[in-house]
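Numbering-wise (this note's numbering), the sequence shown opens with residue 187 and increments by one.
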Amino acid sequence: MLALMALSCKVTRQFQDAAAELFRGEVVAKVGNHKLYRSQLQDYIPAGVSSEDSASLARQWINAWAEDLLLLDMAEEQLSDADKDVNKELEEYRRTLLKYRYEQLYINQRLDTLITDEEVEQYYLSNPERFRLERPLLKARYMVIPAEARSLKTLMKKMSSEDEMEVMEADSLGAYAAIKYANAADTWMDAITLAQEMGTDYRSLLSSIKNHFAQIEDMGGSILRIAYIADMVPEGKPAPLEYVNERIRDIILSSRRHKLETELEQNLLEDASRNQKFVIY
187 MLALMALSCK VTRQFQDAAA ELFRGEVVAK VGNHKLYRSQ LQDYIPAGVS SEDSASLARQ
247 WINAWAEDLL LLDMAEEQLS DADKDVNKEL EEYRRTLLKY RYEQLYINQR LDTLITDEEV
307 EQYYLSNPER FRLERPLLKA RYMVIPAEAR SLKTLMKKMS SEDEMEVMEA DSLGAYAAIK
367 YANAADTWMD AITLAQEMGT DYRSLLSSIK NHFAQIEDMG GSILRIAYIA DMVPEGKPAP
427 LEYVNERIRD IILSSRRHKL ETELEQNLLE DASRNQKFVI Y
């Protein structure tokens with residue numbers, strides 16, 4: 187009777203396994219006792235990709251799936267029971283994760299994220315050394331243009347003008363006549379950024395500046411990279427407030443978070459001591 191029941195259970199399990207495989211679809215890969223089904227694989231293939239890309243992605247994912255399981259199986263075989271006992275590590279991770287989540291809950295419930303312009307300016311004025319520049323900052327209009335372009339002199343004159351209408355004319359003319367034209371005279375940029383646009387290093391760029399213009403020749407002099415330097419803050423000077431505004435806001439917010447973290451630690455100890463929950467003998 188027991189043998190019959192055991193056989194019946196085995197047949198039932200086999201039937202259930204077969205039904206499960208049928209439901210999940212075709213097996214596309216197998217590693218030991220592990221099987222990967224087409225329905226699982228399709229979850230990782232983005233819709234709309236070509237059949238060639240789909241096949242490539244499928245192969246990559248199958249290989250990654252197999253490598254992961256092969257390594258896991260090898261670890262199960264080769265490691266001792268003591269090495270495979272990860273309960274201590276899991277408990278430590280659980281405790282760390284729970285503490286972190288509570289700290290974030292505590293901070294998020296109390297953190298004042300509103301930072302006024304006055305607070306930013308006060309921090310800036312109180313900490314000038316933190317914002318000393320290692321490289322100059324520049325505001326510039328720059329272009330890449332053929333050396334023989336008939337509109338070159340006109341463009342250079344208008345792009346360096348203080349008249350708003352002439353600057354607008356330079357923007358329009360530059361978009362038409364230059365290979366590349368950009369007006370970044372309202373935004374501070376690192377000297378390295380402009381130097382990259384000019385196809386040179388920033389020290390060469392700075393040494394080429396004469397009468398507010400920097401000029402770099404390219405392709406044997408047939409192409410000119412020209413920048414009009416509208417404004418500059420030299421290295422060693424504090425960066426303008428507008429340039430470090432977001433950085434200061436991050437600093438202030440980080441300081442507030444740190445203060446709340448310290449407050450939480452102190453409050454926990456003080457409350458536990460007061461309630462006799464924490465006692466040092």
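Don't be surprised by glycine CBs; every beta carbon is placed ideally from N, CA and C.
Judging by CA-CA distance, which residue of Ile-412, Ile-301, Gly-407 and Ser-408 is the nearest neighbour of Arg-401?
Taking the sequence shown and counting its residues from 1, one reaches residue 401 at position 215. With the sequence shown as reference, residue 401 is identified as Gln, and Arg is not the correct amino acid for it. Selected option, being the one with the closest Cα: Ile-412.
Beta-carbon proximity of Leu-391 to Met-384, cut-off 8 Å
Within the sequence shown, residue 391 is the residue found at index 205, counting from 1. Within the sequence shown, residue 384 is the residue found at index 198, counting from 1. Yes.
Are Tyr-310 and Leu-439 close, meaning C-beta to C-beta below 8 Å?
Position 124 of the sequence shown, counting from 1, holds the residue named residue 310. Position 253 of the sequence shown, counting from 1, holds the residue named residue 439. No, the Cβ-Cβ distance between Tyr-310 and Leu-439 is not below 8 Å.
Closer than 8 Å is the cut-off here; do at least three beta carbon pairs connect the stretch 440-448 with the stretch 287-301?
yes
For Phe-317 and Val-419, which I take to be in contact (beta-carbon distance under 8 Å), what is that distance rounded to the nearest angstrom?
As a working mapping, residue 317 is identified with position 131 in the sequence shown. As a working mapping, residue 419 is identified with position 233 in the sequence shown. Rounded, the Cβ-Cβ distance is 10 Å, inconsistent with contact.
Where do the ends of the beta strand (DSSP E) carrying Leu-410 lie?
Stepping through the sequence shown from its first residue, residue 410 is reached at position 224. Where Leu-410 is concerned, the enclosing beta strand (DSSP E) stretches over 409-419.
Assess, as a yes-or-no matter, whether the stretch 402-409 is touched by the stretch 255-269 under the definition of 3 or more beta carbon pairs within less than 8 Å.
no
In whole angstroms, what is the alpha-carbon distance linking Arg-287 and Gln-452?
By 1-based counting over the sequence shown, the position of residue 287 is 101. By 1-based counting over the sequence shown, the position of residue 452 is 266. Each residue's alpha carbon lies about 18 Å from the other.
In the DSSP assignment, what residue or residues form a beta bridge with Arg-296?
Locating residue 296 in the sequence shown gives position 110, where the first residue counts as 1. Paired residues: none, contrary to the question.
Can you grab the Cα-Cα spacing for the pair Asn-249 / Leu-380, in whole Å?
For the purposes of this step, residue 249 is identified with residue 63 of the sequence shown, where counting begins at 1. For the purposes of this step, residue 380 is identified with residue 194 of the sequence shown, where counting begins at 1. Those two C-alpha atoms are separated by around 44 Å.
Under 8 Å: do the stretch 326-344 and the stretch 362-381 share three or more Cβ pairs, one atom per stretch?
yes
Determine the DSSP secondary structure at Ile-437, reduced to helix, strand or coil.
The residue labelled residue 437 in the question sits at position 251 within the sequence shown. Helix at Ile-437.
Taking the C-alpha atoms as reference points, what is the distance between Ala-377 and Asp-404?
Locating residue 377 in the sequence shown gives position 191, where the first residue counts as 1. Locating residue 404 in the sequence shown gives position 218, where the first residue counts as 1. If I take the Cα positions, the gap works out to 19 Å.
Mapping DSSP to helix, strand and coil, what is Met-191?
For the purposes of this step, residue 191 is taken as residue 5 along the sequence shown, with counting starting at 1. For Met-191, the pLDDT reaches just 45, beneath the cut-off of 50, and the residue's location in the model is therefore unreliable, leaving the point undetermined.
For Ala-356 versus Leu-338, is the C-beta distance shorter than 8 Å?
Working through the sequence shown from its first residue, we reach residue 356 at position 170. Working through the sequence shown from its first residue, we reach residue 338 at position 152. Going by C-beta atoms, Ala-356 is not nearer than 8 Å to Leu-338.
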